[in-house]
Amino acid sequence: MKKIFVLMMAAMMVLPSAFAAKKEKAQKLKKISKKTPIGVSMPTKDLQRWNQDGANMKSKLEEAGYKVDLQYANNDIATQTSQIENMITKGDKILVIASIDGSALKSVLDQAKRKGVKVIAYDRLIMNSDAVSYYATFDNYKVGTIQGNFLVDKLNLKNRTSANPAYIELFTGSPDDNNINFFFGGAMDVLQPYLDSGALVVPSGQTSKAQCATLNWSTEEAQKRMENLISAQGYGPRGKKLDAVYSSNDSCAMGITNALVAAGYTAADFPIITGQDCDKPSVKNMIAGTQAMSIFKDTRTLADKVVGMVNALMNGKEPEINDTKTYDNGTGIIPSYLCDPVFATVDNYKTLLLDSGYYTAADLQ
454 MKKIFVLMMA AMMVLPSAFA AKKEKAQKLK KISKKTPIGV SMPTKDLQRW NQDGANMKSK
514 LEEAGYKVDL QYANNDIATQ TSQIENMITK GDKILVIASI DGSALKSVLD QAKRKGVKVI
574 AYDRLIMNSD AVSYYATFDN YKVGTIQGNF LVDKLNLKNR TSANPAYIEL FTGSPDDNNI
634 NFFFGGAMDV LQPYLDSGAL VVPSGQTSKA QCATLNWSTE EAQKRMENLI SAQGYGPRGK
694 KLDAVYSSND SCAMGITNAL VAAGYTAADF PIITGQDCDK PSVKNMIAGT QAMSIFKDTR
754 TLADKVVGMV NALMNGKEPE INDTKTYDNG TGIIPSYLCD PVFATVDNYK TLLLDSGYYT
814 AADLQ
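If you use our numbering, the sequence shown corresponds to residues 454 to 818, in order.
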């Protein structure tokens, strides 16, 4: 009994200490002034997607009363690392980072962790760093499955056999972006049974992630590879049949489209092209009939969720999350909030993009 009493007394001493530590942490966060900037690091201004994300993040955080230190890194890892280091040195207490290379930031984020800076990975998971507190993104596996199922439907794959297959080529994004594991993985999980049965055929034989990757999601790189495929396989309106090209995003889709137009394809005979982000040029292509669909990821929604995370952290609370199983960055599962993607076509883009105020009609002229 005496031993049990001693253990109970020890526990009673530990518990207040633990609660005091938790309270002290909360008070410390509450003392962060809204005059202290929130650091927002975006990969590049060269893609419309990241311009919009940066602008939305800045606007939403400023509406919430925060000062914002927004930086674009011109798709250069050293530049992004230097910018983040400067944010830490200046005293930014929360960093929102869309990484260029998800595996390249460990060293600078070790500095952030030592200084008690909270890190929110934005849309691209930062790998191999235990400094990452939270992750905000869209359900990227679902993005891939939506694209895959769209192709199943439009190519009528359920009613095809190896005797009358559909012909497709495959493109995904940058190999240093962890998201392609989900985009491409989700799409291939849907398409693989049809590839196995022969109802769907990739004439080039290029089906692995490495073979289909596009460095930096570059429009120019995607165009070069599509041009090479057209030349090697003999694709063309009067050449070898090509029913579809799977593209993980709009930047790649634009390069693919450019190559196909140069090869003589018109809206009347254009292969089915998928995409993601609803970039303005790709929406215009949908209207023109040279891109079939694009995943709509409303960056305003994602920005709202990140602002909610920032508010919670500033007040010593746990941010809202809805996924604690999916995203392991090599140091463990990162608590995440996954927004829900939908897809746009020529049939519904007005409702999704214009009626919602995401674009104006003039944007798509």
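For each residue, glycine too, the CB sits at the ideal point set by N, CA and C.
Check                                                                                                                                     : Outcome
Distance between beta carbons of Gly507 and Leu523, contact taken as under 8 angstroms                                                    : 5 angstroms
Where Gly717 falls, given that 16 or more other Cβ within 10 Å makes a residue buried                                                     : exposed
Beta-bridge partners of Ala697, as assigned by DSSP                                                                                       : Ile621, Ile725
Sufficient close CB pairs (3 or more, under 8 angstroms) joining the region 642–653 to the region 610–624                                 : yes
Buried versus exposed call for Arg691 [16 or more other C-beta atoms within 10 Å across all chains shown]                                 : exposed
Contacts around Ala474, its chain only, beta-carbon distance under 7 angstroms, and the 5 residues preceding and following it disregarded : For Ala474, the predicted structure reports a pLDDT of 38, less than 50, and the residue's modelled location is therefore unreliable. A value from the coordinates is still provided. Cβ neighbours of Ala474 beyond the five flanking positions: none.
Selected residue, minimal CA-CA separation from Ala589, among Lys559, Thr752, Pro724, Tyr688                                              : Thr752
Three-state secondary structure (DSSP) of Thr542                                                                                          : helix
Residue(s) in a DSSP beta bridge with Asp522                                                                                              : Gly492
Pairwise C-alpha distance: Asp630 and Met580                                                                                              : 10 angstroms
Secondary structure of Asp506, DSSP reduced to three states                                                                               : helix
For Thr660 and Ala402, the rounded distance between their alpha carbons                                                                   : This structure cannot settle anything about residue 402, because the visible part of the chain is limited to 454 through 818.
Buried or exposed by the 16-neighbour rule on C-beta atoms within 10 Å, applied to Asp529                                                 : exposed
DSSP state of Thr590 mapped onto helix, strand, coil                                                                                      : strand
Buried or exposed (CB count within 10 angstroms, at least 16 for buried), Thr672                                                          : buried
Length-filtered (3 minimum) beta strand (DSSP E) runs lying within the region 700–754                                                     : 747–749
Supposed close pair Val799, Met739 - CB separation, criterion 8 angstroms                                                                 : 5 angstroms
Inter-residue spacing [alpha-carbon to alpha-carbon] between Val736 and Asp808                                                            : 15 angstroms
contact_flag[the region 566–573, the region 591–603] where n(CB pairs < 8 angstroms) is 3 or more                                         : no
7 angstroms Cβ cutoff met for Val821 and Val561                                                                                           : This structure does not reach residue 821, given that the chain is present from 454 up to 818, and the question cannot be answered.
Cutoff 7 angstroms; reference Asn702; Cβ partners in own chain excluding five residues on either side                                     : Gly626, Trp670, Gly728, Gln729, Asp730
Continuous beta strand (DSSP E) stretch holding Leu791: start and end                                                                     : 789–792
Unbroken alpha helix (DSSP H) run spanning Lys662, endpoints                                                                              : 662–665
Residue burial classification, Asn782 (beta-carbon count within 10 angstroms, cutoff 16)                                                  : buried
C-alpha gap between Ala675 and Thr813, whole angstroms                                                                                    : 29 angstroms
Lys607 beta carbon less than 7 angstroms from that of Ile725                                                                              : yes
Neighbourhood of Ile599 by C-beta, 7 angstroms cutoff - its chain only, sequence neighbours within 5 removed                              : Ile748, Pro794, Phe796
Assigned secondary structure, Ala565 (DSSP; H/G/I helix, E/B strand, else coil)                                                           : helix
Rounded separation between Gly689 and Leu644 - CA only                                                                                    : 24 angstroms
Closest Cα partner of Thr784 within the set Val605, Asn634, Phe637, Lys559                                                                : Lys559
Buried/exposed call for Ala706, threshold 16 Cβ in 10 Å                                                                                   : buried
Of the residues Phe723, Ala666, Lys677, Gly708, the one placed nearest Lys694, counting alpha carbons only                                : Phe723
Helix, strand or coil at Lys611 [DSSP, three-state]                                                                                       : helix
Beta-carbon proximity check, Ala584 vs Ala565, cutoff 7 angstroms                                                                         : yes
Beta-bridge partners of Asp781, as assigned by DSSP                                                                                       : Ile786
Classification of Gln536 by the beta-carbon crowding that lies within 10 angstroms, buried from 16 upward                                 : buried
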